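Step one of this worksheet: look at the structure below.
There are 4 protein chains.
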Amino acid sequence: MIIVLKPDTSKRDEQAVMREIKKLGYKPHVMRGVERVVIGAIGDERTHANLETLTTWPQVERVMPVQKRFKLVSREAHKGNSTITLLNGTVIGGKRFVVMAGPCSVESEKQLLTTAHAVAEAGATVLRGGAFKPRTSPYEFQGLGEKGLKLLAKARRETGLAIITELLSEQHADMVADYADILQIGARNAQNFQLLIAAAKTGKPVLLKRGLSMKIEEWLLAGEYVLANNNANLMFCERGIRTFETYTRNTLDLSTIPIIKKESHCPIVIDPSQGAGRADLVAAMCKGAVAMGADSLLIVVHPNPAEAWSDGAQQVSLELFAKLMEELKPFIAAAGRE
Amino acid sequence: MIIVLKPDTSKRDEQAVMREIKKLGYKPHVMRGVERVVIGAIGDERTHANLETLTTWPQVERVMPVQKRFKLVSREAHKGNSTITLLNGTVIGGKRFVVMAGPCSVESEKQLLTTAHAVAEAGATVLRGGAFKPRTSPYEFQGLGEKGLKLLAKARRETGLAIITELLSEQHADMVADYADILQIGARNAQNFQLLIAAAKTGKPVLLKRGLSMKIEEWLLAGEYVLANNNANLMFCERGIRTFETYTRNTLDLSTIPIIKKESHCPIVIDPSQGAGRADLVAAMCKGAVAMGADSLLIVVHPNPAEAWSDGAQQVSLELFAKLMEELKPFIAAAGRE
Amino acid sequence: MIIVLKPDTSKRDEQAVMREIKKLGYKPHVMRGVERVVIGAIGDERTHANLETLTTWPQVERVMPVQKRFKLVSREAHKGNSTITLLNGTVIGGKRFVVMAGPCSVESEKQLLTTAHAVAEAGATVLRGGAFKPRTSPYEFQGLGEKGLKLLAKARRETGLAIITELLSEQHADMVADYADILQIGARNAQNFQLLIAAAKTGKPVLLKRGLSMKIEEWLLAGEYVLANNNANLMFCERGIRTFETYTRNTLDLSTIPIIKKESHCPIVIDPSQGAGRADLVAAMCKGAVAMGADSLLIVVHPNPAEAWSDGAQQVSLELFAKLMEELKPFIAAAGRE
Amino acid sequence: MIIVLKPDTSKRDEQAVMREIKKLGYKPHVMRGVERVVIGAIGDERTHANLETLTTWPQVERVMPVQKRFKLVSREAHKGNSTITLLNGTVIGGKRFVVMAGPCSVESEKQLLTTAHAVAEAGATVLRGGAFKPRTSPYEFQGLGEKGLKLLAKARRETGLAIITELLSEQHADMVADYADILQIGARNAQNFQLLIAAAKTGKPVLLKRGLSMKIEEWLLAGEYVLANNNANLMFCERGIRTFETYTRNTLDLSTIPIIKKESHCPIVIDPSQGAGRADLVAAMCKGAVAMGADSLLIVVHPNPAEAWSDGAQQVSLELFAKLMEELKPFIAAAGRE
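Chains as they are written, first to last, in this note's numbering: chain U, 1 to 338; chain S, 1001 to 1338; chain V, 2001 to 2338; chain F, 3001 to 3338.
So this is what it looks like as C-alpha cells:
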C-alpha cells in the first residue's frame, strides 16, 4: 500500500501513521517528495488488514493499493490458457471456436427441440435455455422450473449438444447440476457470493456473467470465489454493462476480451444478445467478438422471436442464425481458430 | 403499448402488425401522423404478453409501454404514507425522524456494546451491524455469522434498540429473522429475487437497498416482489449509485427522496456512509437527506474507525456521531419532523 | 509519481525505468515489497513531463500520480472562502445566501420583465436568462442574441437585479461582457478551454457549470484555466451529471457541495432545474442544497412554463417560486445563513 | 408526440390538454386505454413547438416523442452510403478500407516526418497530428499551433498523405482549413455548436468525435449542424464513452458501427487509441472495428511513445503499427473490403 500524507503534516502526525502501519503488520518505508510525504507499507496486502481505513485520518490524503487482489484467476497463477472440456467433447478455450445457442427461456418441448436441432445443424455444440428466469417484475414469466430442465436433458439426448442453464438459487444447486453441463450465473447475481460458492461446490463448469455495473477487477474477484472453492472450470462472459446510452439495452464492452486474456487464464465468452438487446445488431457484435479473440459466443435463438415469452427483441430466428454461422467462418479463420 | 411504424410501411405490413396485436390480446387503435403510423394497443400491459417483441419486426421502429409496471408499491395503490412499527415502538415513515446507526461489521462484544450504548444515548433507536458480510474478495473478513447475531440480540436487550442486519442467503432467512427486527437486502442482492421472496416470507420488515446500477423503476419492481409475497413492511434505502465519478465511492442520489415519495407509499431511508464512502462527507449528506424529506438515516458508526475490520474509511466515530445528531436537530425541525 | 513494476522484473529492466525517470527530471526512490518493486519519482509533477507514458513499457504495471494537478483553485492556495461582489452589492460566497432566478431563454420584453419583477420581489438578487442558447438540434430556438442581452440590461435597470447569462462563443465574449454581471459557461462547453480563456479575459465573474460527465478533478482543472488567466472571480455550478438513470434528466450530485468546499476556496452554486429536468423535484433539491452548504441557487422560473420556448418541463412558475422562497427560509437559518 | 394522462384525469383536465395541443399547432387524437387516456398529437415535431412542456401539467404523466429529430444525416434522407473523396484520392466510406495514423501531438519536424514516412509505407493514406491540443490542465503542453500546421503541410508534400488535425477554436477555422484536408472536432467540443458551424462553413470534410457522454441521437444531431450548414462531407468517429470502468480510459462502444450504418449514410471511423487509452489493447480493438464494418481507423502512432509530449500511454510504436497493418489484412478481406 502507498499512503500519501497531506502537505505540511507535522512530524508527530507522520509518526502516528508509521506506528499504525507497523501495528497492522506492514513495514513502513518513507519517501519525501517536494510537497508531500509518501509512505510505502511493505507486506502482502491480501493477508494483512486493509490500510484503506487510514483515509479516515486527518493527516492522510490518499491510500493506494499496489497489489492486485485476485490470485487464482490471474495470468500470473497460470501462464497458459485454461481449457474446459465438456462431456460431449466440446473444449472451451482451445483452438476450436465454440458456439452456444438456444432460446432465452425454455417454453415447450416443440420450441426447444426445434431450436436444438437447428442450432446443432448450423454448428453449435452447446444448447442454452433458461428454466429458472430472473425477471425484473414479479408479474412476468418465471420459467418452467424442473420441467424445463427435463426438456433440456431430452434435447441433449436427441442432439448431442451440451447444456448450459442459469442457476438462480442456492437451493436449486444440486438439482440444476444434475441436468446441466455448465451452470450460468446471471448478471444480477454476479456478486451473490453465496450462489457462486454453491455453484462452485457442485463441481460443474461455471459461466460467470459480468454484472451490469461490475468493474473488471470485481468480476475477476467474483470468479476468484469459484476457484477458491476448488472449482477450476470457470469461464467469464461479457454481456454488456449499463451506461447512459439508451439506444442499446446495454453497452457491450468488447475490450474485455483482450483484458481478460491479459489478466486471466480463464476462457472468455461473449453474449451479444443481452449486450445489444436488439437482434439486428447481433451479427456485427459476433464478428467483432470473434476478431478480438473471444473463445465462444452465447447467442439467443428462437424459432419465432416475435412470440417468445421473454426478451423477444433480442432473439435471432433459426434462419438468421444459420446465415450468421456462415458469415462468421472467414472471421474465425482470420482469428486463427477453427 | 404504443407501436410506431417506420415511414413508408406498406398497408400489408401494417395489417400484419394489427393481427399480431389482436392475437396477443390487445385491441389495436391506429393514428396516422404526418410521417409515421402509430398504433395504440389497448389492454392491461401487466396481464398480457409483452409487445416489445414487435421491435424485431422490420416494419416496426419502436414500441413504447404506457403503463407503469409496479402496482402494490405504487402511490396509486395506497394514497397515504405507509408506516412500519417495530417491537421497540420505533415507527418508520411517521412524523418522528428515525436514526439507525452502528458498525459496518459486528466484530466483538465490546465493540458492539460500546457502539450500541453510544448511539442510543445520542438518539438512535435502531442498531445496525453486519453478521454476514458480502465481500468483493473471498480473502476478506466475511462476518461472525450467528455469533454476530447473538451479540446483536444482547445489545438489543441491554439498550432497547431494535436490530437491523443483512440477509445474505436464502438458507439463513429463518435464522436471521429469529434475531433481527429488520432484514436488510444489500445492494449486490437487490435483484436476487429468490432472496427477496425468502425475506418477505419471514414476515419481518424488509429494507431494500438500491442496486449499484438499478433504475428507479427496477427498484420499485424489486420492492414489488416483497409486497406480492404478502409482506407490506417494506422500506427503500438509497445508498449511492455507480457513476464515472471516482472522488466518492458512489454517487448518492438524493433525488430519490422526492421521487420515492411521489411514486410509492413506502418509507425512504438514506445511507450516506455507503453513498460517499468517506466519513468526512457524511454530515453534509445527512443534512441534505433530512431537508429533502427522508424518513430515516442509516449511518455507519464505529468506536475506532481506523481499526474497523471492514470499510473503515466510511465509518464515523462515536464522538462525531453525537455531534452530528446535535447538528441535525434544526434541519429536522425545519423539515417539520420531530 | 509512483511507478509499480510487474512481479519478476529483471534488474536490467528495473534500471531502464530508473534511467528514464532521471532523464525526465525526477529523482527515483526504490521500495522493494514482497511481490513487486515500487519506484517513487520525486519532483514536481506539474512542471515535469508526465510519467504516465511509462505505462507503455512492458515491465511497468501501473503509474500513479501523487500530487493534485490543480493549484490556484485549491484550498491549499487560499485558506479562506473567496467571495465575489457584484455591482448591485450581491456577495456570492458570503454569509448571505444568494438566489439567482429567471427564465431558461429570454423570449420577450414582457416575459422577462414580468419574471424579473416577480423574482426580485420574492428575494432573488440575480436574474438569469439565456440570450444565446446551445440546442441539441439545429432546428430548435437558438436564442434572441444581442436583442436578448438588451432586454436583460433593461430588466437590470428596472429591478436592480444583477444579470447572469451564458457565453457560447469566443467571438461574443466582449459583447456579452458589456451587458452581463456574470458570464455562465454551460455544461457542454465546460471543457471548451478557448471559451474559458476568453471569458476569463473579460474580467467579469465566471460561473462554470460542471460538464455532463466531468470528474470533479477535471472540473477543478477547468476552473484553473480561469484563475490562471488572471480572473479570480470564479464560481462552480453543479447541474447534474449523466448516469444510467432515466427518471430524471440528469443526476444532481449534491455531494459536490462538501467536496468543492473541501478542495477549493471558490463558491459553489446549485442548479436544481437542469439537474432534475422536472419542476416537481426542484423544491426538494433546493432544500437539500441549502442544508448541505451551497452558497447560491440558480433556478429556472417562467411566467407560463407550459408555453416556454425551451426546456418548459423544468421551469417553475412565478407562484411556485415565491412559495419556494418562503419554504427555504428555515433551512437557510438552520444552515447558519441569512 | 404521444401524451399519456394520469389515471382518473377529469374530463375537464383532459379538455385543457386538448386545447393546448391545438394551440401549439398539432391535431389531437384520443385513445382510451384500460387505465389511462393517451393523446396522440399529430403534426411535424420538428417544425412545431415542443410538447414536452406539457409534462409540467399536473394531469400529464408522460410525453413521448414519435419522430426522430435528425433529418439530413439520416439513412432516410439518403439511402446509399455517402463517400468523402480527399485531394490525394483517398475515399472514405467506399470499398477500400482507410487507415489514418500519426502522433497525438506534432512535436518536431523529425518526429512528424519519421512517423509520416513510416505510416505511409505501412499503408496509411491520412496523417493525423494535433497542432492545437485541448488539455485538461492549463499547465500541460498545448500544441505547437500554426508551426505544427506548417509541419503537417510539409509532411503532406513529402509523403502524399492527406492531413487530419483538430480544430479547437472558431477563430482558427480559416487558418486550420488552409492546411488540413479534414477538420477534426474533438470529444470535448462535440456539442460546441458554434465550432461545428464554423468548421462546416470552411467547406472542408469534418470528422466529428463522439462526446464522452453523448447519446447516439445527440451525436447524430450534432452532425446535423454540419449538414444543415451546407457541408455534406461529414464522418462520425467513435472514441470511447465514459463509464464506471476504470481499467480502460474510456469504454470503446463498437456497437456504434452497425448503429451509425443503420441510422445514417455518413462514414464511421473508429479511434481505438483514445478508446482504450492503452497501446496494448489497440490491436484487438482495430480487428474488432474492421470485422464490425467500420470504414476507417484513426490510430495514434509515435516513434518513441515513452517520450511523447501527450498521451504516451496510448501511442503505438512504428514497429507495432507496421505489424498491426499486416495483421489486419485477413480481417479486412473477411469484411469484404480491400
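Beta carbons are placed, not taken as given, at the ideal position from N, Cα and C, and that holds for glycine.
Model, not experiment: these values are computed from the prediction.
Boundaries of the beta strand (DSSP E) in which residue i is found, first to last residue
i	result
S:R1062	V1060 to M1064
F:V3098	V3098 to G3102
U:L298	S296 to V300
Cβ-Cβ separation, residue j to residue i (assumed contact under 8 Å), whole Å
i	j	result
F:G3130	F:T3165	6 Å
V:V2073	V:L2227	6 Å
F:R3036	F:P3007	6 Å
S:I1003	S:V1063	5 Å
F:Q3314	V:E2170	With 8 Å as the limit, F:Q3314 and V:E2170 do not qualify as a contact, their Cβ atoms being about 29 Å apart.
U:D253	U:I241	5 Å
S:M1214	S:A1198	Their Cβ separation, rounded to whole angstroms, is 19 Å, which puts S:M1214 and S:A1198 out of contact at 8 Å.
S:R1157	S:I1163	With 8 Å as the limit, S:R1157 and S:I1163 do not qualify as a contact, their Cβ atoms being about 10 Å apart.
F:A3124	F:G3160	Not a contact, Cβ separation roughly 11 Å.
DSSP bridge partner residues for residue i (one or two, in chain order)
i	result
V:R2128	V:I2164
V:Q2184	V:E2166 and V:L2207
F:S3074	F:S3264
V:M2285	Answer is none; V:M2285 lacks a bridge partner.
U:T85	U:V91
V:M2235	V:L2207
S:S1105	S:G1130
Range covered by the alpha helix (DSSP H) that runs through residue i
i	result
S:Q1194	F1193 to K1201
S:Q1111	E1109 to A1122
F:R3331	Per the sequence shown, the amino acid found at residue 3331 of chain F is Phe instead of Arg. First-last of the alpha helix (DSSP H) with F:F3331: L3318 to A3334.
U:A222	I216 to L227
U:L159	The sequence shown places Thr at residue 159 of chain U, not Leu. Run containing U:T159: E146 to T159, per the alpha helix (DSSP H) assignment.
U:M175	A173 to Y179
Closer than 9 Å to chain B by CB, residue i
i	result
F:M3031	Protein chains in the displayed structure are U, S, V and F, and chain B is not among them.
Quick one, which residues of the segment 2175-2207 of chain V are near chain F if we go by CB-CB under 7 Å, in chain order?
So the close ones are R2188, N2189, Q2191, N2192, F2193 and Q2194.
Closer than 9 Å between beta carbons: that is the criterion. Which residues of the segment 70-103 of chain U meet it against chain V?
In summary, the residues of the segment 70-103 of chain U whose CB is separated from some CB of chain V by less than 9 Å are E76, in the order they occur in the chain.
Those runs of the alpha helix (DSSP H) which lie wholly inside the segment 1237-1282 of chain S and span at least 4 residues
The segment 1237-1282 of chain S contains, as complete alpha helix (DSSP H) runs of 4+ residues, the segments 1256-1263 and 1272-1276 (chain order).
Could you list the residues in the segment 2038-2068 of chain V with a C-beta less than 7 Å from some C-beta on chain U, going in chain order?
Taking 7 Å as the Cβ-Cβ cut-off, the segment 2038-2068 of chain V approaches chain U at V2038, G2040, I2042, G2043, D2044, M2064, V2066 and Q2067, given in chain order.
Unbroken stretches of the alpha helix (DSSP H), 4 residues or longer, contained in the segment 3004-3041 of chain F:
As far as the segment 3004-3041 of chain F is concerned, its whole alpha helix (DSSP H) runs of at least 4 residues are 3011-3023.
Taking Cβ-Cβ distances below 7 Å as the criterion, which residues of the segment 3225-3237 of chain F are in contact with chain V?
Those would be Y3225 and A3228, in chain order.
What residues in the segment 3239-3254 of chain F have a beta carbon less than 7 Å from any beta carbon of chain U?
If the cut-off is 7 Å between Cβ atoms, the segment 3239-3254 of chain F has I3241, T3243, F3244, E3245, T3246, Y3247, T3248, T3251, L3252, D3253 and L3254 near chain U.
Cβ-based contacts, 7 Å cut-off: residues of the segment 2127-2142 of chain V near chain F
Of all residues in the segment 2127-2142 of chain V, P2134, T2136, S2137, P2138 and Y2139 have a Cβ within less than 7 Å of some Cβ in chain F.
By the 8 Å beta-carbon criterion, what residues does the segment 3157-3173 of chain F contribute toward chain V?
The residues in question are L3168, S3169, E3170 and Q3171.
Taking Cβ-Cβ distances below 9 Å as the criterion, which residues of the segment 2287-2305 of chain V are in contact with chain S?
Against chain S - using a Cβ distance shorter than 9 Å - the residues of the segment 2287-2305 of chain V are K2287, G2288, A2289, V2290, A2291, M2292 and G2293.
At a Cβ cut of 8 Å, what residues of the segment 2253-2275 of chain V count as close to chain S, listed as they run along the chain?
Taking 8 Å as the Cβ-Cβ cut-off against chain S, the residues of the segment 2253-2275 of chain V that qualify are D2253, L2254, S2255, I2257, P2258, I2259, K2262 and G2275.
Could you run through the segment 2312-2330 of chain V and flag, in chain order, every residue whose CB is less than 7 Å away from some CB of chain S?
The segment 2312-2330 of chain V vs chain S, Cβ under 7 Å: P2330.
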